[in-house]
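J.: Counting from 5, one number per residue, gives the positions in the sequence shown under our numbering. Glycine included, each C-beta is placed from N, C-alpha and C at the ideal position. My questions will all concern the structure given below.
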Amino acid sequence: MPHFASDETHYQVLRLLDRRPELTQRELADELGVSVGKANYVLNALIEKGLVKARNFKNSRNKAAYAYYLTPAGIEEK
5 MPHFASDETH YQVLRLLDRR PELTQRELAD ELGVSVGKAN YVLNALIEKG
55 LVKARNFKNS RNKAAYAYYL TPAGIEEK
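Spelled out as structure tokens, the structure:
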């Protein structure tokens, strides 16, 4: 399986989420200049590594939105 995300991409995602955990995957993809699929892939990889945690929150635009928070390990990695 090819390696889709570089360490630099992971670092950029951690930095963005540290400042703005409420970013949607689409907003994150726009910030990174990548597809929504790649943003989803990177987020899932960071969640699996235990660096990011997704939490549901209510929002008027999207009833089942997520906020992505850095875990203590994610903060250290950043």
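(1) Could you pull the DSSP bridge partners for V56 from this structure?
(2) Which stretch, first to last residue, makes up the alpha helix (DSSP H) that contains R23?
(3) Do you know offhand how far Y70's Cα is from E80's?
(4) Here's a check: name, in chain order, each residue in its chain whose Cβ is nearer than 6 angstroms to the Cβ of H14, leaving out the five neighbours to either side.
(5) If I measure Cβ to Cβ from P25 and keep anything under 7 angstroms in the same chain, skipping five residues before and after, which residues do I get?
(6) For D34 and K53, what's the separation of their Cα atoms in angstroms?
(7) State the Cα-Cα distance for the pair R19 and K82, rounded to the nearest angstrom.
T.: According to the structure data:
(1) As a working mapping, residue 56 is identified with position 52 in the sequence shown. L74.
(2) Translated into positions along the sequence shown, residue 23 becomes position 19. Here the alpha helix (DSSP H) through R23 covers D11 to R23.
(3) One-based indexing of the sequence shown puts residue 70 at position 66. One-based indexing of the sequence shown puts residue 80 at position 76. Cα to Cα, the separation comes out at about 22 angstroms.
(4) Position 10 of the sequence shown, counted from the start, is the residue given in the question as residue 14. Nothing meets the Cβ criterion.
(5) Stepping through the sequence shown from its first residue, residue 25 is reached at position 21. Hits under 7 angstroms: A71, Y72 and Y73.
(6) Here the question's residue 34 lines up with position 30 in the sequence shown. Here the question's residue 53 lines up with position 49 in the sequence shown. Approximately 23 angstroms between the Cα atoms of the pair.
(7) The count along the sequence shown starts at 1 and reaches residue 19 at position 15. The count along the sequence shown starts at 1 and reaches residue 82 at position 78. About 7 angstroms.
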